[in-house]
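Report on one structure; see the data block that follows.
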Amino acid sequence: MTYPPGGTPDPYQPQQPYGQQPYDPTTPYSAEPSSGQPYGQPSSGQPYGAPSSGQPYGQPPPVYGQEAYKGGSPYGQPGYGQPYAAPVVATTNTMAILSLVFAFVFAPAAIVMGHISKKQIRQTGEQGEGLATAGLWLGYIFTGIGVLVCAFYVIAIVVAVGSSTSP
């Protein structure tokens with residue numbers, strides 16, 4: 001890599017792989033390949049795509065002026081092999097999320113959704129077990145509090161009606 005006269009690298013130049021030289025426009029360029037054939041003409045005399053000696057059908061001809069680089073790019077940079085597969089991301093069960101949300105909106109629905117989501121999580125292996133459990137607990141607690149409040153109102157109404165009808 002060439003540096004400006006100050007000796008520091010140019011931060012806008014792409015970094016070259018170790019051992020590779022950047023393109024130098026001052027290097028002389030030959031218009032003819034080393035085989036003596038003009039570019040665009042196959043060396044075997046057959047049209048492109050036709051199988052030639054030792055070359056599989058449908059493969060492009062080797063790059064002129066360079067050795068055929070096996071297993072990578074023909075431009076001199078090393079091949080990187082097969083790319084890794086995308087990681088599998090486990091999704092969160094939607095019913096578990098809804099169970100937690102409905103615990104604050106309508107608690108009995110949270111109980112039903114929590115049980116359904118726990119069953120789905122066991123079958124599919126999705127994430128959200130903690131959300132479903134939290135939705136179940138909160139659903140049971142808020143349903144219990146709601147039942148106690150309703151029972152308190154019923155008892156208060158019965159006591160109020162009973163005391164007002166006395167002679």
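For the sequence shown, the UniProt record's numbering assigns the number 167 to the last residue and increments by one with no breaks. Even for Gly, the Cβ is constructed at its ideal location relative to N, Cα and C. None of these values were measured; they are calculated from a predicted model.
Could you tell me whether the Cβ atoms of residue i and residue j are closer together than 9 Å?
i: Gly114; j: Thr92; result: no
i: Phe102; j: Gly135; result: yes
i: Ser99; j: Gly139; result: yes
i: Leu129; j: Ala85; result: Note that residue 129 is Glu in the sequence shown here, rather than Leu. In this structure, Ala85 does not lie closer than 9 Å to Glu129 by Cβ.
i: Ala151; j: Gly125; result: no
i: Thr94; j: Ser117; result: yes
Out of curiosity, what's the CA-to-CA distance linking residue i and residue j?
i: Tyr153; j: Ala109; result: 23 Å
i: Leu131; j: Leu148; result: 25 Å
i: Val161; j: Arg122; result: 52 Å
i: Ile145; j: Val88; result: 42 Å
Classify residue i as helix, strand or coil using the three-state DSSP reduction.
i: Tyr153; result: helix
i: Tyr12; result: coil
i: Tyr69; result: Model confidence at Tyr69 stands at a pLDDT of 48, short of 50, so the residue's coordinates are unreliable and nothing is read from them.
Scan the segment 71-143 and note each continuous alpha helix (DSSP H) run of 4 residues or more that stays entirely inside, going in chain order. 94-105 and 107-124
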